[in-house]
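Participant: Under full-length UniProt numbering, think of the first position of the sequence shown as 1, with each following residue one higher.
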Amino acid sequence: MYMSALKKPFPLVPMVASQGITIGSIKSYMEAGASAVVLSDAIFDKELMRERDFIGISALANQATLQASQCGR
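(1) State the CB to CB distance for the pair V16 and S35, rounded to an integer number of angstroms; the pair is presumed to be in contact (CB under 8 Å).
(2) Under a Cβ-count criterion, where at least 16 other Cβ atoms within 10 Å of its own Cβ denotes burial, should L66 be classed as buried or exposed?
(3) Could you tell me how far apart the beta carbons of I21 and L39 are, in whole angstroms, since I believe they sit closer than 8 Å?
(4) What did DSSP end up calling A32 once you bin it into helix, strand or coil?
(5) CA-CA distance, F44 and A61?
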């Protein structure tokens with residue numbers, strides 16, 4: 001994974017994974033050394049935004065929070 005490759009020469013530099021990160025991939029990015037992940041597309045789903053389904057958006061945010069909390073940091 002690209003994140004792991006970057007962390008080897010730069011172990012003390014905080015890295016943030018973005019672009020195409022899914023809720024299901026949070027753990028793998030965090031395990032690879034990411035300090036944080038950007039989940040804008042994963043949480044703010046285009047269909048949910050179009051429908052103004054804020055309950056659905058909140059549910060995705062809650063799922064992301066649960067996944068992140070299981071990373072052990």
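For glycine and all other residues, C-beta sits at the position ideal for the given N, C-alpha and C.
Facilitator: According to the structure shown:
(1) Taking the sequence shown and counting its residues from 1, one reaches residue 16 at position 16. Taking the sequence shown and counting its residues from 1, one reaches residue 35 at position 35. That belief holds up - the Cβ atoms of V16 and S35 are roughly 6 Å apart, short of 8 Å.
(2) Here residue 66 is taken as the residue at index 66 of the sequence shown, counted from 1. Exposed is the call here.
(3) Taking the first residue of the sequence shown as 1, we reach residue 21 at position 21. Taking the first residue of the sequence shown as 1, we reach residue 39 at position 39. Going by Cβ atoms, the distance from I21 to L39 rounds to 6 Å, so yes, they are a contact pair.
(4) By one-based count along the sequence shown, residue 32 stands at place 32. A32 falls in the coil class under three-state DSSP.
(5) Counting from one through the sequence shown, the residue named residue 44 turns up at place 44. Counting from one through the sequence shown, the residue named residue 61 turns up at place 61. Each residue's Cα considered, the two are about 9 Å apart.
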